[in-house]
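Student:
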Amino acid sequence: MKRFLKKTLVGVIAASMMASLAGCGSSSSSSTSSTTSASGEEKVTLNVWHQWATDTNDLKKVYEAAIVKYKTLHPNITIKTDTLDNAAYKTKINTSFASSTDAVDVFYYWSPGMVGKLVEAGKIMPLDDYLKDGTLDKIVPGSLDAFKFNGKTYALPSFSWVMSLYCNKELFDKNSIKIPTNYDEWLDACKKFSAKGIVPIVNGSKDAWNACFVYEALALKSVGAANENAFLSGKAKFDDPGYLDAAKKVQELIAAGAFGKTTLGTSHDEADAAFLSGKAAMRIMGSWFAGSVDTNKDSVVKGKIVAVNIPTITGGKGSDKEFAGGFTEAFFVNNNTKHKKEAAEFDKFINEAMGNGADEISSGFSGWKGTIDTSKQSALYKQVAEIVKTSNASVLAWDTSLDSAKAQVHYDDVQALFGGKVTPEVFVKTQADASK
Numbered sequence: 494m495k496r497f498l499k500k501t502l503v504g505v506i507a508a509s510m511m512a513s514l515a516g517c518g519s520s521s522s523s524s525t526s527s528t529t530s531a532s533g534e535e536k537v538t539l540n541v542w543h544q545w546a547t548d549t550n551d552l553k554k555v556y557e558a559a560i561v562k563y564k565t566l567h568p569n570i571t572i573k574t575d576t577l578d579n580a581a582y583k584t585k586i587n588t589s590f591a592s593s594t595d596a597v598d599v600f601y602y603w604s605p606g607m608v609g610k611l612v613e614a615g616k617i618m619p620l621d622d623y624l625k626d627g628t629l630d631k632i633v634p635g636s637l638d639a640f641k642f643n644g645k646t647y648a649l650p651s652f653s654w655v656m657s658l659y660c661n662k663e664l665f666d667k668n669s670i671k672i673p674t675n676y677d678e679w680l681d682a683c684k685k686f687s688a689k690g691i692v693p694i695v696n697g698s699k700d701a702w703n704a705c706f707v708y709e710a711l712a713l714k715s716v717g718a719a720n721e722n723a724f725l726s727g728k729a730k731f732d733d734p735g736y737l738d739a740a741k742k743v744q745e746l747i748a749a750g751a752f753g754k755t756t757l758g759t760s761h762d763e764a765d766a767a768f769l770s771g772k773a774a775m776r777i778m779g780s781w782f783a784g785s786v787d788t789n790k791d792s793v794v795k796g797k798i799v800a801v802n803i804p805t806i807t808g809g810k811g812s813d814k815e816f817a818g819g820f821t822e823a824f825f826v827n828n829n830t831k832h833k834k835e836a837a838e839f840d841k842f843i844n845e846a847m848g849n850g851a852d853e854i855s856s857g858f859s860g861w862k863g864t865i866d867t868s869k870q871s872a873l874y875k876q877v878a879e880i881v882k883t884s885n886a887s888v889l890a891w892d893t894s895l896d897s898a899k900a901q902v903h904y905d906d907v908q909a910l911f912g913g914k915v916t917p918e919v920f921v922k923t924q925a926d927a928s929k
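Start counting the sequence shown at 494; every next residue gets the next number (the numbering used here).
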């Protein structure tokens, strides 16, 4: 299986930003159906799955607006949408595709790691036969890399993301604490905020991927993008001493009170709410969070937040020009769909609509060329964009690079590390064993 080479991500995301500047309620899914309309057009029902489950999710709103538009363009096609939150959604995909399911036609997922096994098993339909209409000319160069396997294209890009450290500047200024640029300053800031009774970093570690963001951020700065990408692509072992150093730093931050009193007791949504209500000094999150800071109706921190790259580690191999993020998520077509042409056409439409729509609302950088409305983009989102413009290397989130079994081990081990159930040394050994 050809794995995604991540070295070009920085240029790809930067190109996507430049191109942008230049340029359905949920229901239970059922088997795909079709009849004939009075006009003679075949009436088709496509079942679509995604993971934007809450009505307050801005990406869900982008999706629903896109569906309304699609229905006006294709009145003979009905889109039935089914949604679940992140963890439950991943479980549903794994369970459904363990057999030859026809309950879904088009579904949202992450590549290359999670999708790789489905491609190997013949579960996903390649789109190449449906891309001879000029569609590829509309796509930012390089943004397809995560969706290609063995020379075939299995999805089109939607939008990319960038991990940042969001800092409540008002809290930093009021308490005379410096926004950190290196790990020592970061640890010091955490100790000072904790001593004042302010949660330094609110982290939704009850949801494993939030905990993984912390470890992966530290690993990137300790190991460096080149070494980390080599490991994630299967070209290197999990034996760089920087992985152990990152695990030790996770527990050092915990001991300093960096995550408050309940290290594993806060969910992702609760962490977002705490930060937006001004109850925490920092939040490690993807670029989609930038839009929420300024547009969420419950946010009291609009105009008070700055976004910076993850602090560097003295002696570490990672630099301030490396970041976590890239193109990884998209809609894919079930190879078992009964309406391949209609599903492929919808897949092209929805990926472009989500890419441009996410960019317009400050949620992610589009993988499509052309002009978008930048009037709604927040100043904070543009700060995140600057991180990319000054960078030269990046790494995808591990759960999207590793296959689902290895990603689950990573989830479990990082939460065990956060909960103090394993030592950093045991954590590294378990991760190394799982990667063999």
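Glycine is no exception: its CB is placed at the ideal position from the N, C-alpha and C atoms.
Ignoring anything shorter than 3 residues or poking outside the segment 872–912, list the beta strand (DSSP E) runs there in chain order.
Tutor: 886–888
Student: Starting from Glu815 and walking both ways along the beta strand (DSSP E), at which residues does that stretch end?
Tutor: Glu815 to Phe820
Student: In whole angstroms, what separates the C-alpha of Lys554 from that of Ala580?
Tutor: 20 Å
Student: Going by beta carbon distance, what residues of the same chain come within less than 7 Å of Gly516, once the five residues before and after it are set aside?
Tutor: With a pLDDT of 44 at Gly516, under the threshold of 50, the modelled position of this residue cannot be trusted; read the value that follows with caution. If we look at Gly516 and ignore the five residues flanking it on each side, its Cβ neighbours are Lys862, Gly863, Thr864 and Ile865.
Student: Under a three-way DSSP split, which group does Asn720 fall into?
Tutor: helix
Student: Opposite His832 in the DSSP bridges: which residues?
Tutor: The partner list for His832 (beta bridge, DSSP) is empty, contrary to what the question assumes.
Student: Could you tell me the boundaries of the alpha helix (DSSP H) in which Thr571 lies?
Tutor: Segment Ile570 to Thr576 is the beta strand (DSSP E) holding Thr571; no alpha helix (DSSP H) there.
Student: Can you look up Met778 in the DSSP assignment and give me helix, strand or coil?
Tutor: strand
Student: Write down every uninterrupted run of the alpha helix (DSSP H) in the segment 741–776 whose length is 4 residues or greater and which is fully enclosed by it, in chain order.
Tutor: Correct list: 761–769.
Student: Tell me which same chain residues have a C-beta within less than 6 Å of the C-beta of Leu711, skipping the five on either side of it?
Tutor: Excluding positions up to five away in sequence, the list reads Ala739 and Lys742.
Student: Hey, out of Thr788, Lys684 and Lys790, whose CA is closest to Ala774's CA?
Tutor: Lys684
Student: According to DSSP, is Tyr736 helix, strand or coil?
Tutor: Three-state result, Tyr736: helix.
Student: Tell me which residues share the same chain as Leu611 and place their Cβ nearer than 7 Å to its Cβ, disregarding the 5 neighbours each side in the sequence.
Tutor: Phe590 and Ile617
Student: On the three-state DSSP scale, how would you describe Val915?
Tutor: In the structure shown, Val915 sits in coil (DSSP, three-state: anything other than H, G, I, E or B).
Student: Tell me the DSSP secondary structure of Phe665 in three-state form.
Tutor: DSSP places Phe665 in helix when its eight states are reduced to three.
Student: DSSP beta-bridge partners for Thr646?
Tutor: Lys641
Student: Could you check if Val794 is buried or exposed, using at least 16 other CB atoms within 10 Å of its CB as the buried criterion?
Tutor: Val794 comes out buried.
Student: DSSP beta-bridge partners for Lys590?
Tutor: Just to set this straight, residue 590 is Phe in the shown sequence, not Lys. None; Phe590 has no bridge partner.
Student: Is Gly860 buried or exposed, if buried means 16 or more other CB atoms sit within 10 Å of its CB?
Tutor: Residue burial annotation: Gly860 is buried, with at least 16 other C-beta atoms found within 10 angstroms of its C-beta.
Student: Give me, in chain order, the residues of the same chain whose beta-carbon lies closer than 7 Å to that of Ser760; leave out the 5 immediate sequence neighbours on both sides.
Tutor: Here the set comprises Gly697, Lys699 and Asp700.
Student: Is it buried or exposed, Asn643, if we count other Cβ atoms within 10 angstroms and call 16 or more buried?
Tutor: By the 16-neighbour rule on beta-carbons within 10 angstroms, Asn643 is exposed.
Student: Quick check on Thr893: buried or exposed, where buried means 16 or more other Cβ atoms within 10 Å of its Cβ?
Tutor: buried
Student: I'd like to know whether the C-beta atoms of Val692 and Phe752 end up nearer to each other than 9 Å.
Tutor: yes
Student: Along the beta strand (DSSP E) that carries Ile560, what are the first and last residues, could you check?
Tutor: First-last for Ile560: Asp551 to Leu566, but that is the alpha helix (DSSP H), not the beta strand (DSSP E).
Student: Answer yes or no: do Ala890 and Trp702 have a C-beta to C-beta separation smaller than 9 Å?
Tutor: yes
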